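Engineer: In this note's numbering, the protein residues as written are 454 to 709.
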Amino acid sequence: MSVRATARITAVRDSRGATSLPVLESEGPLALRRTRSVSPGSVRVTVVGAMSGPLGGDRLAIEARAEPGARLTVGSAAATVALPGPGPESGPAHYEVRLTAGEGAALNWLPEQLISAHGSELIMRTTAELASTARLVLREEQILGRHGESPGTLLSRLTVRRAGRPLLDQQVAYGPGAPGGWDGPAVLGGHRAVGQLLVVEPSFGDKAPESGLLGPTAVLTRLAGPAVLVTAVAADARELRAVLDRAHDELTAAAG
454 MSVRATARIT AVRDSRGATS LPVLESEGPL ALRRTRSVSP GSVRVTVVGA MSGPLGGDRL
514 AIEARAEPGA RLTVGSAAAT VALPGPGPES GPAHYEVRLT AGEGAALNWL PEQLISAHGS
574 ELIMRTTAEL ASTARLVLRE EQILGRHGES PGTLLSRLTV RRAGRPLLDQ QVAYGPGAPG
634 GWDGPAVLGG HRAVGQLLVV EPSFGDKAPE SGLLGPTAVL TRLAGPAVLV TAVAADAREL
694 RAVLDRAHDE LTAAAG
């Protein structure tokens, strides 16, 4: 039997300048826990999977909202593993992430990896609506297949709007049924870990880093707005995280 569940997070800034969580609603396999934040005045929420999934046929969603001036970080306790459903009639699983950040808010979306297990079929959609002075750090990492297995089918789309205007809209597809060449030298080149780091920072309007290579398998792209996108491929999850962490540290320093 398929599962339908939506978890909701709302962070607000109080009169003392601290951030609180008036809404922290778990549902189904998506258990939310407030965890310790390392940044003063901010809150951190960790998504803890209460069961395996998403499985074929499941429809899961997470909504995270940072109201004006709030500072929210959302992570996860472990990797998310997309698994096959109980039968061919199950259809694909759907996983939606909906992010919203108001004026002066800071929202960090930093989950662990998404693993596309053999035989699975997942459609993932991430959308972000940002005010003109909002800050966003978004990391996505996809691991195509568990150790020693071929990947499932993964379709992932990321759409970001800032001040009501499009900032980024891109879609990727991997695995059986994806357009030909997804594993060719012009795309993954045999790598099985792919990820991106999006940093939207208002101060980048004047001093955004220039586009360029960050190594043999990573590139930084300056977007048409105060934002940069780092895209990388790697042999495994550990190598991919190291590349994205280095890029995050450099971009944080550049933002001042």
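Don't be surprised by glycine CBs; every beta carbon is placed ideally from N, CA and C.
Model, not experiment: these values are computed from the prediction.
Does DSSP classify GLU602 as helix, strand or coil?
Structural biologist: Correct three-state label for GLU602: coil.
Engineer: Where does VAL456 fall in DSSP's three states?
Structural biologist: DSSP places VAL456 in coil when its eight states are reduced to three.
Engineer: Are the CB atoms of LEU563 and ALA517 nearer to each other than 8 Å?
Structural biologist: Not in contact: LEU563 and ALA517 (Cβ atoms no closer than 8 Å).
Engineer: Rank LEU697, ARG489, LEU704, GLY481 by C-alpha distance to the C-alpha of GLN595 and give the top, closest one.
Structural biologist: The option with the nearest alpha carbon to GLN595 is LEU697.
Engineer: What is the DSSP secondary structure of THR705, counted as helix, strand or coil?
Structural biologist: Reduced to three states, the DSSP call for THR705 is helix.
Engineer: Take ALA514 and list the residues in its own chain whose beta-carbon comes closer than 6 Å to its own, dropping the five residues that flank it on each side.
Structural biologist: Counting only Cβ-Cβ distances below 6 Å, and skipping sequence neighbours, we find THR459, GLU549.
Engineer: Reducing DSSP to helix, strand and coil, say where ASP636 ends up.
Structural biologist: Here ASP636 sits in coil by DSSP.
Engineer: Mapping DSSP to helix, strand and coil, what is PRO453?
Structural biologist: Because the chain here runs from 454 to 709, residue 453 falls outside it and cannot be looked at.
Engineer: According to the neighbour-count rule (16 or more other Cβ atoms, all chains shown, within 10 Å of its Cβ), is GLY726 buried or exposed?
Structural biologist: Here the chain has residues from 454 to 709 only, and residue 726 is not among them.
Engineer: Could you tell me the boundaries of the alpha helix (DSSP H) in which ASP659 lies?
Structural biologist: ASP659 -> alpha helix (DSSP H) spans 657-660.
Engineer: Helix, strand or coil: how does DSSP classify GLU663 here?
Structural biologist: Note: GLU663 maps to coil in three-state DSSP.
Engineer: Report all residues from its chain with a CB closer than 7 Å to the CB of LEU676; omit the five preceding and five following residues, and keep chain order.
Structural biologist: So the list reads LEU620, LEU621, LEU682, once near-sequence residues are dropped.
Engineer: Let me check one thing: in DSSP terms, what residues is THR472 bridge-paired to?
Structural biologist: Answer is ARG466, bridged to THR472.
Engineer: Less than 8 Å between the beta carbons of THR472 and LEU525, yes or no?
Structural biologist: A contact, by the Cβ cut-off of 8 Å.
Engineer: Measuring alpha carbon to alpha carbon, tell me which of PRO521, GLY481, VAL625, THR606 ends up nearest GLY509.
Structural biologist: The residue with the shortest Cα to Cα distance from GLY509 is THR606.
Engineer: Comparing C-alpha positions only, which one of GLY637, ASP689, GLY633, ARG551 sits nearest to LEU611?
Structural biologist: If we check each option's Cα against that of LEU611, ARG551 comes out closest.
Engineer: Could you pull out every residue in the same chain whose Cβ sits closer than 8 Å to the Cβ of GLY557, ignoring the five residues on either side in sequence?
Structural biologist: The answer, listed in chain order, is PRO521, GLY522, ALA584, THR586, ALA587.
Engineer: Using CA coordinates, which residue listed in ALA581, PRO507, ARG512, THR553 is at the minimum distance from PRO537?
Structural biologist: Residue PRO507 is the option with its Cα nearest to PRO537.
Engineer: Quick one, are the C-beta atoms of VAL527 and VAL500 less than 8 Å apart?
Structural biologist: Closer than 8 Å, so yes.
Engineer: Within the same chain, show all residues whose beta-carbon is closer than 6 Å to that of LEU567, passing over the 5 residues directly before and after it, in chain order.
Structural biologist: Only THR533, GLN595 meet the Cβ criterion.
Engineer: Three-state secondary structure (DSSP) at VAL491?
Structural biologist: VAL491: coil per DSSP, three-state reduction.
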